[in-house]
Amino acid sequence: DAKTTQPNSMESNEEEPVHLPCNHSTISGTDYIHWYRQLPSQGPEYVIHGLTSNVNNRMASLAIAEDRKSSTLILHRATLRDAAVYYCILRDVSTGFQKLVFGTGTRLLVSP
Amino acid sequence: NAGVTQTPKFQVLKTGQSMTLQCAQDMNHEYMSWYRQDPGMGLRLIHYSVGAGITDQGEVPNGYNVSRSTTEDFPLRLLSAAPSQTSVYFCASSRKTAATEAFFGQGTRLTVV
Chain A
1 DAKTTQPNSM ESNEEEPVHL PCNHSTISGT DYIHWYRQLP SQGPEYVIHG
51 LTSNVNNRMA SLAIAEDRKS STLILHRATL RDAAVYYCIL RDVSTGFQKL
101 VFGTGTRLLV SP
Chain B
1001 NAGVTQTPKF QVLKTGQSMT LQCAQDMNHE YMSWYRQDPG MGLRLIHYSV
1051 GAGITDQGEV PNGYNVSRST TEDFPLRLLS AAPSQTSVYF CASSRKTAAT
1101 EAFFGQGTRL TVV
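As given, the protein sequences belong to chains A and B, one line each in that order.
Taken in order, the first sequence gives residues 1 to 112; the numbers are from my numbering.
Taken in order, the second sequence gives residues 1001 to 1113; the numbers are from my numbering.
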């Protein structure tokens, strides 16, 4: 399983943009980049995923480096509800069942 | 939509007892899986299934059994509970195409005393 590296924690103020980085230097051509988040006492929740191009959805944006060795999850205006642990995960879609390999993620703290 | 439903939400067991954690999904997903999450750590895969009648081991399968008789249900059995199995358990489901999202249940918090 290709490995990802994320900072342990980040802080933000409410209503400010947040950029959560992820390094994945050993990514393969068939790996999708997925982001999940886990709110306190809840199960992980899908945020966004992408392969090569930047992606936007109602929750966030995903910016993928041209060489695909890093990516950044962008929350455009952080709210208190966005305080969670964010996981960057690579999923190889080339064969069979692809387990989600969770690291320790980035704990995002949002201050009022 | 109900999504992925896990029961019970909380459970306390004595060492040596057995029990079954229930997981059901109503999205007709082929893939289902069980993870455990220990304090301060990410999730680790216990068992998974790619369809009814097909199961396989993940990275931490010892002490757990699974079966998949229907598409909707994927129960996790603890054969003889041990304190080391104290954890939060999450069930997940997804479509066969892994470029899509996985859906997780709310978790079962299990304490073995």
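All residues carry an ideal CB built from backbone N, CA and C; glycine is no exception.
Predicted, not measured: the structure shown is a model, and the values here were computed from it.
From the DSSP output, read off the bridge partner residues of residue i.
{"i": "Q38/A", "result": "V85/A"}
{"i": "D1026/B", "result": "Answer by DSSP bridge pairing: none, since D1026/B is not bridged."}
{"i": "T1111/B", "result": "V1012/B"}
{"i": "P21/A", "result": "T72/A"}
{"i": "S111/A", "result": "N13/A"}
{"i": "L51/A", "result": "Bridge partners of L51/A: none, in fact."}
{"i": "L172/A", "result": "Residue numbering for chain A in the displayed model covers 1 to 112; residue 172/A lies beyond these limits and cannot be assessed."}
{"i": "S1033/B", "result": "Y1048/B and A1092/B"}
{"i": "E45/A", "result": "R37/A"}
In whole angstroms, give me the CA-to-CA distance for residue i and residue j.
{"i": "P1008/B", "j": "A1024/B", "result": "12 Å"}
{"i": "Q98/A", "j": "Q38/A", "result": "20 Å"}
{"i": "C88/A", "j": "R1109/B", "result": "24 Å"}
{"i": "T1070/B", "j": "D1026/B", "result": "11 Å"}
{"i": "Q1057/B", "j": "I1046/B", "result": "6 Å"}
{"i": "I48/A", "j": "G1051/B", "result": "25 Å"}
{"i": "G103/A", "j": "A1099/B", "result": "19 Å"}
{"i": "R1095/B", "j": "Q42/A", "result": "21 Å"}
{"i": "S1067/B", "j": "V93/A", "result": "25 Å"}
{"i": "I64/A", "j": "S71/A", "result": "4 Å"}
{"i": "G1003/B", "j": "F1103/B", "result": "7 Å"}
{"i": "P17/A", "j": "G1107/B", "result": "30 Å"}
{"i": "F1010/B", "j": "Y1035/B", "result": "16 Å"}
Locate the beta strand (DSSP E) running through residue i, then write down its first and last residues.
{"i": "T104/A", "result": "Per DSSP, T104/A belongs to no beta strand (DSSP E) and is neither H nor E."}
{"i": "V1088/B", "result": "S1087 to S1094"}
{"i": "E11/A", "result": "S9 to N13"}
{"i": "Q1017/B", "result": "From DSSP, Q1017/B is part of no beta strand (DSSP E); its letter is neither H nor E."}
{"i": "L1076/B", "result": "L1076 to L1078"}
{"i": "I1046/B", "result": "L1043 to G1051"}
{"i": "V1066/B", "result": "Y1064 to V1066"}
What is the C-beta distance between residue i and residue j, in whole angstroms, given that I count them as a contact (C-beta under 8 Å)?
{"i": "L80/A", "j": "L73/A", "result": "Wrong, their Cβ atoms sit about 18 Å apart, outside the cutoff."}
{"i": "M1032/B", "j": "F1090/B", "result": "Not confirmed; about 11 Å, so no contact."}
Interface positions of the region 1076-1105 of chain B facing chain A (Cβ-Cβ less than 7 Å), listed along the chain: Answer set for the region 1076-1105 of chain B: F1090, A1098, A1099, E1101, A1102, F1104 and G1105.
Proximal residues, the region 78-95 of chain A versus chain B, C-beta separation under 8 Å: From the region 78-95 of chain A, only Y87, R91, D92 and V93 have a Cβ closer than 8 Å to chain B.
Residues in the region 1-12 of chain A having any Cβ partner in chain B nearer than 7 Å: Taking 7 Å as the cut-off between beta carbons, none of the residues of the region 1-12 of chain A comes near chain B.
Residues from the region 60-75 of chain A in contact with chain B, defined by Cβ distance under 8 Å: Result list empty, no residue passes.
Interfacial residues, the region 95-107 of chain A to chain B, with Cβ spacing under 9 Å: Within the region 95-107 of chain A, the residues whose Cβ lies closer than 9 Å to some Cβ of chain B are G96, F97, Q98, K99, L100, V101, F102, G103, T104 and G105, listed in chain order.
Within 7 Å of chain B by C-beta, residues of the region 20-44 of chain A in sequence order: Correct list: Y32, Q42, G43 and P44.
Near-chain A residues of the region 1032-1055 of chain B (beta-carbon distance less than 9 Å), N- to C-terminal order: Residues passing the 9 Å Cβ filter: S1033, Y1035, Q1037, G1040, M1041, G1042, L1043, R1044, L1045, Y1048, S1049 and V1050.
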